[in-house]
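Colleague: Quick one: structure below, then a few questions.
There are 4 protein chains.
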Amino acid sequence: MSSVIGKNIIISVFGESHGEAIGCVIDGLPSGVALDMDKIDFEMKRRAPGRDKTTTPRKEKDKVRILSGVLNGVTTGAPLAAMIENTNTKSGDYKNIMTVPRPSHSDYPAFVKFGGNNDVRGGGHFSARLTAPVVFAGAVAKQILAQKGITVGAHIKRIGDVTDSCFNKNEVTASELERVSSKMFNVIDDGAEAKMRDEIEKYRLDQNSVGGEIECAALGLPVGLGGNMFDTVEGRLSQILFGIPAVKGVSFGLGFDFASADGKAVNDGYCVKDGEVKTLTNNNGGVLGGMTSGAPIIVNVAIKPTPSIAAPQPSVNLDTMENATLEIKGRHDPCILPRAVSVVEAAVALGILDITME
Amino acid sequence: MSSVIGKNIIISVFGESHGEAIGCVIDGLPSGVALDMDKIDFEMKRRAPGRDKTTTPRKEKDKVRILSGVLNGVTTGAPLAAMIENTNTKSGDYKNIMTVPRPSHSDYPAFVKFGGNNDVRGGGHFSARLTAPVVFAGAVAKQILAQKGITVGAHIKRIGDVTDSCFNKNEVTASELERVSSKMFNVIDDGAEAKMRDEIEKYRLDQNSVGGEIECAALGLPVGLGGNMFDTVEGRLSQILFGIPAVKGVSFGLGFDFASADGKAVNDGYCVKDGEVKTLTNNNGGVLGGMTSGAPIIVNVAIKPTPSIAAPQPSVNLDTMENATLEIKGRHDPCILPRAVSVVEAAVALGILDITME
Amino acid sequence: MSSVIGKNIIISVFGESHGEAIGCVIDGLPSGVALDMDKIDFEMKRRAPGRDKTTTPRKEKDKVRILSGVLNGVTTGAPLAAMIENTNTKSGDYKNIMTVPRPSHSDYPAFVKFGGNNDVRGGGHFSARLTAPVVFAGAVAKQILAQKGITVGAHIKRIGDVTDSCFNKNEVTASELERVSSKMFNVIDDGAEAKMRDEIEKYRLDQNSVGGEIECAALGLPVGLGGNMFDTVEGRLSQILFGIPAVKGVSFGLGFDFASADGKAVNDGYCVKDGEVKTLTNNNGGVLGGMTSGAPIIVNVAIKPTPSIAAPQPSVNLDTMENATLEIKGRHDPCILPRAVSVVEAAVALGILDITME
Amino acid sequence: MSSVIGKNIIISVFGESHGEAIGCVIDGLPSGVALDMDKIDFEMKRRAPGRDKTTTPRKEKDKVRILSGVLNGVTTGAPLAAMIENTNTKSGDYKNIMTVPRPSHSDYPAFVKFGGNNDVRGGGHFSARLTAPVVFAGAVAKQILAQKGITVGAHIKRIGDVTDSCFNKNEVTASELERVSSKMFNVIDDGAEAKMRDEIEKYRLDQNSVGGEIECAALGLPVGLGGNMFDTVEGRLSQILFGIPAVKGVSFGLGFDFASADGKAVNDGYCVKDGEVKTLTNNNGGVLGGMTSGAPIIVNVAIKPTPSIAAPQPSVNLDTMENATLEIKGRHDPCILPRAVSVVEAAVALGILDITME
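Chains as they are written, first to last, in the numbering used here: chain A, 1 to 358; chain B, 1001 to 1358; chain C, 2001 to 2358; chain D, 3001 to 3358.
Rendered as structure tokens:
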């Protein structure tokens, strides 16, 4: 168990869903960066639940309190610690999961790993609620990246069978990323929102849940960051992204579509444009040999259906070691994609900030 | 640039394709493990080129010389260093890539990163030849894992449009993994080999190349290894796997198919079997909440078409900063999948060994 | 700047002397450990100021609030986060140090490093106040170590010219360590306290300060922990110990007295005692080849005189770049040894806990 | 056991005293640095044995072979691997230490740690011979540091009761460091060499050994490198220095003399000199708050007497678990200080290079 990551910018995340507070410490930030708290609050709102019927009705006030590292709104260079007090927690809802683990959740391996001592209320430290500090840290990272001319943005590429357009891998612009990220439901095509909401509602009414895919882009990175062999941009971003609950796949550029592609069709040739070397296409998603190529970074993230569904499910009773049927009573998102977009953006921003600090 | 990875078992890989030697140091190995050198040699042969027409005709004798860490065939607990002398290198073939970078290769970002000082002959440290020490280290790891009852095996899931069967995610056996890994062309269905060879040949004759996908399984891991948030089995394996040239995507279990799946269909319910908790299915690929669930680990790896193709390609001349056409003369695999299987197996074995040492 | 340390148990310390709060996150703790909060409070009191005239009259209530990682008094295995709200801060006292750096303090290099953005009030993140979270974390570590049969204890070996007895390097007992650690003024000889207090008072009345040395012992470690070359017990403990402000030297066993010693006199021979291998002496301080030898670990820590003295001192005005005379008005310990003992104990306990987790 | 160290420049050391070869991999070096092999050879000679009667008569040809990372004498930016073949090894001399551990050596804890599988011939991986790769890596580091205007040099401060002068802590010059380092017996006062050789000879004739202290200085570092709390210059240098066999103490500036010092006497005041801030004295050894102050770094290293002495010593027979008397037959330095100076310099150079890469 390690909730610490980073080489130059080290994030340590703490908290349990129904404990006193959640938060993080960000170590290694540059000093002298003026933080726009409104922007941070906006990012927190993107992730927060209770906005509408596509998300759980839990209304957490994800009010961030900064404990250190910021003086008069400017980073001091000392570790930036932030906490969010937990409120509005209904622990009773989760009582039976102590003995009957939820399928496809962390419950059973966590029970074995921690010998039953872990805080199971709301998933404890494994709760998706722990992505709130990640979003906070990512919001800080995005502001520092902005000063370096780097923009990060993401959108829902698909939910079930409903798809959005994709970013133009080679020519997506910062303003397009900002346009998409500034929405509360992050899609490129305005019309995709209603269709995706309908898709989610369909699964909700069926006591079911649905997965999806998020596409994230990052622009403005210099050529040659990261590196072979084990310090690749891909590997470093993956390690953070797989820290987001429900992420089951990470790919770059064409990703798994490369498997049925041929070199003539997908090799990214070069040209000289305005005196600079540019790729003609960007099927590699901005990473070559583990290093930034100068083209936009394009990363795809596969997200599984929320494992918590209302329908009865087969499980076991860990006390009696007999088969059991589990009915989850709590409040759960039938699809986490709408909220997860900000988390993916945050994770990518944190990873890229770490890489740029070398 | 860091070619070092691992927390408990730390691998440091060195070498350049046409330099004096390549190799690695493996730090943190347990003492007292008798190494079967024949098994190691077999793994080296699986990766080595020149076996048949699906691979490059370069005939490297990947003869490993162990420099330290082994005494009378048994590990001493001191760092295990191994080297492979480079022979049969034709540096002349690569002369023009110093000024004209190969599309979709590391050449251009490496040129920028290293200011032209990097060894470009054969790709230098970015060459796929550097996977030889990884395979060696993985072969050592597999023998240590075997003593813990853990088996790792992989196969070519598809090349272009030709597919193999998949492992039974929940019930694949160690003997099945061993059967598949013991082949020189690693497929589950014996009949798939000929079809895949034909597919590769088709692209080769067209001066083209083709990508594919590898599926790797690991059996016998105890429940609860790894962990949330940033120490996930998925993240740790990904960081190593993305160190393999041409890998562009990593996913677990259903991977990107989760995006169009629903919870009722894919949640992995539990049952009690022979007094133990088992999952009824294994769509999560053996990892829940970042931890091992007890089910087999199933990881999918997307591999892009070999970027080095014989057909002319658009590039630039970095000296004159003008557009240029590149014709690659060297000897290259039209598809690296047949050789890459052993590398993926090795990377997964190394990652899992590191995780089991906690 | 990194306030993060540890391989298996990772501590991230945050806070600034006059900011909102200080604290830490401890990642990687075992689950199921019942914490005795009274023992933790006692450790916090040992370090806290304002106890008597040997220490600064600032009366901070170092009340620790645990935010996560503990449920019903038992560790959950999730990161343990703790915070201490800052109160009773008189920032006015430190106003002039923004332009006139205090000699032998971090002020000047911190000014250069952080471009004047760091929080200088009370020393900011460089304040000795940041040792409070270290003591908290160490108090937790000591309780976990106690379950493994490991005891850590320290005492003031000398202040200026006044010395205490030393631990018997080879035969010091756990009960002796507990006896010494349970005092509020940690000396072996009861009579040493009054002499040391007199010594400190002498320097205080002279607007001066005085240094000293702390000796710390750890008992009950199994043989063979740690290791050559860069994972030595000595190196790992040093890295934490040098994180304590004012520590300028760390040595083991005879330490610098080895320089004038000869092998015949100081080699630690072996004997068999009760069927076990024991050292006849322990001049090496329990570490051989970087590994634990089974004998008590004996570490010596040199602490410099408090740099903040009331007497006028030569400095510079960083605004005008002219020489200046500094008169420090604040409240400062003329000798930090009485409070620093608990910090050294905590640092050693944290380091040893990390080493034992392998 | 980890023989890997560094954050930006990562060194992995391998080899066993009587194995096939020893060496190291240096990962993260900048590209484009022309290496002067004569300077590297000179450093290797300083450490090599067999120069005269103060050292063991073993005549190892420490001929370094560079395997990767250097092309046409210039670093490529890829990992630099180097190996030294082992020759002239008389393994027979060490046969009885398998059962009778040498006092004050790593033998016994290594036996327990590795279950008897470690290579005990010549101390195996714990041998001081493993400092040869460290000296090589340090020689590379010194050349890179020289390009940044940083000079590192060390001398024997004392051996037994014979002392050399000390560096002027605040005003030592690069040319003085170079003068001292260029000697084969590194002392400041030319006259000290003969006295120290006599002292060593005295102990040798008595079948005994003697310890000493080395002082190392580093000039030219910018202000503000390193940092509080656990990333201190002191802590990082210590972790490397304690990797050198026989090092038992590390201190900075006045070190343990701070214990009896007072603030008025030892505080390092500031002045403006040629428009720059300078310290009036440098009792802190160039480090304040864990950061470089701009004054020379002064580090003191305590080295214990060579544990291998010719006189009979009390030990135990690990087979029979009975007391035993050990007579060491091999060839051993009665004092390692003359050879250890280059190792300390190398370790400090490596640590500082790592710190300057941030």
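Glycine residues also receive a C-beta, built at the ideal position from the N, C-alpha and C atoms.
This structure is a prediction, so every number in the text was calculated from the model and none was measured.
1) If the cut-off is 9 Å on Cβ atoms, which residues from the stretch 1099-1115 of chain B count as contacting chain D, listed in chain order?
2) Please work out which residues of its chain come closer than 6 Å, Cβ to Cβ, to Gly3077 (chain D), disregarding the five sequence neighbours upstream and downstream, and give them in chain order.
3) With 16 other CB atoms within 10 Å as the buried threshold, where does Ser2209 (chain C) fall?
4) Pull the bridge partners of Ile10 (chain A) from the DSSP assignment, please.
5) Who are Tyr2270 (chain C)'s beta bridge partners in DSSP?
6) Find out if the Cβ-Cβ distance for the pair Phe3252 (chain D), Lys2248 (chain C) is shorter than 9 Å.
7) Examine chain D for any beta-carbon lying closer than 9 Å to the beta-carbon of Ala1139 (chain B), and answer yes or no.
8) Under 9 Å between C-beta atoms, does Gly1023 (chain B) make it to chain D?
9) Run through DSSP, which three-state label would His2018 (chain C) get?
10) In three-state DSSP terms, what is Met3037 (chain D)?
11) Cβ closer than 8 Å: which chain B residues qualify as neighbours of Cys271 (chain A)?
12) Run down chain C in chain order and give the residues with a C-beta less than 7 Å from the C-beta of Gly249 (chain A).
13) By DSSP's criteria, Gln3313 (chain D) is part of a beta bridge. Which residues make up the other side?
14) Using a Cβ cut-off of 9 Å (strictly closer), state whether Asn1168 (chain B) contacts chain C.
15) Which chain B residues sit within Cβ distance under 7 Å of Met3037 (chain D)?
16) Using DSSP with H/G/I as helix, E/B as strand and the rest coil, what is Ala2302 (chain C)?
17) Please classify Arg158 (chain A) as buried or exposed, where buried requires at least 16 other C-beta atoms within 10 Å of its C-beta.
18) His3125 (chain D) by DSSP, collapsed to three states: which one?
19) Would you tell me roughly how many angstroms separate the C-alpha atoms of Ser1068 (chain B) and Gly2286 (chain C), rounded to the nearest one?
20) Starting from Glu234 (chain A), trace the alpha helix (DSSP H) both ways and give me its first and last residue.
21) Could you check whether Asp1161 (chain B) and Glu1199 (chain B) sit closer than 9 Å to each other, using their CB atoms as the reference points?
22) Can you list, in chain order, the residues of the stretch 1067-1087 of chain B whose Cβ is nearer than 8 Å to any Cβ on chain D?
23) With DSSP collapsed to three states, give me the class of Asp1262 (chain B).
24) Please identify the residue among D:Pro3314, D:Gly3116, D:Lys3183 and D:Glu3234 whose C-alpha is closest to the C-alpha of Arg3046 (chain D).
25) Which residue from C:Asp2027, C:Lys2304, C:Val2299 and C:Gly2269 puts its Cα closest to that of Asp3257 (chain D)?
26) Hey, which unbroken runs of the beta strand (DSSP E) at 3 residues or more fall wholly within the stretch 2114-2186 of chain C?
27) Arg102 (chain A) by DSSP, collapsed to three states: which one?
28) If we ignore side chains and look at the alpha-carbon of each, how far apart do Val112 (chain A) and Gly1115 (chain B) end up?
29) Helix, strand or coil: how does DSSP classify Ile3352 (chain D) here?
30) Hey, quick one: how far does the beta strand (DSSP E) through Lys1202 (chain B) stretch, first residue to last?
31) Step through the CB atoms of chain D and report whether any lies within less than 9 Å of the CB of His1332 (chain B).
32) Please determine, among A:Ala217, A:Asp27 and A:Gly275, the residue with the shortest C-alpha to C-alpha distance to Ala346 (chain A).
33) Classify Leu2221 (chain C): buried if its beta carbon has 16 or more other beta carbons within 10 angstroms, exposed otherwise.
34) Within this structure, are the beta carbons of Ala154 (chain A) and Ser181 (chain A) separated by less than 9 Å?
35) Below 8 Å, can you find three or more Cβ-Cβ pairs linking the stretch 334-349 of chain A to the stretch 1288-1298 of chain B?
36) Using DSSP bridges, identify the partner residues of Gly1249 (chain B).
Modeller: On the basis of the data shown:
1) Result list: Ala1110, Lys1113, Phe1114 and Gly1115.
2) Contacts found: Ser3031.
3) buried
4) A:Asp27
5) C:Thr2279
6) In this structure, Lys2248 (chain C) lies closer than 9 Å to Phe3252 (chain D) by Cβ.
7) In terms of beta-carbon proximity, Ala1139 (chain B) stays away from the interface with chain D, with every pair separated by 9 Å or more.
8) Interface with chain D (9 Å Cβ-Cβ cutoff): Gly1023 (chain B) is included.
9) Looking at His2018 (chain C) - three-state DSSP - the assignment turns out to be coil, as it is neither helix nor strand.
10) helix
11) Pro1314, Val1316 and Asn1323
12) Here the premise fails: no neighbours, minimum Cβ distance about 26 Å.
13) Looking at the DSSP assignment, Gln3313 (chain D) forms a beta bridge with D:Leu3326.
14) no
15) The contacting residues do not exist; Met3037 (chain D) stays about 15 Å from chain B at best.
16) strand
17) With 16 or more other Cβ atoms within 10 Å, it is buried.
18) helix
19) 28 Å
20) Val233 to Leu241
21) yes
22) Leu1067, Ser1068, Gly1069, Leu1071, Val1074, Thr1075, Thr1076, Gly1077, Ala1078, Pro1079, Leu1080, Ala1081 and Met1083
23) Residue state, collapsed to three classes: strand.
24) D:Lys3183
25) C:Lys2304
26) 2151-2159
27) DSSP places Arg102 (chain A) in coil when its eight states are reduced to three.
28) 51 Å
29) In the three-state DSSP reduction, Ile3352 (chain D) falls in the helix class (H, G or I).
30) Unbroken run through Lys1202 (chain B) is the alpha helix (DSSP H), Ala1192 to Leu1205; no beta strand (DSSP E).
31) So, not an interface residue.
32) Closest by alpha carbon: A:Ala217.
33) Around the beta carbon of Leu2221 (chain C), a 10 Å sphere encloses 16 or more other beta carbons of the protein chains shown; the residue is thus reported as buried.
34) yes
35) no
36) Bridge partners of Gly1249 (chain B): A:Ser251 and B:Ala1302.
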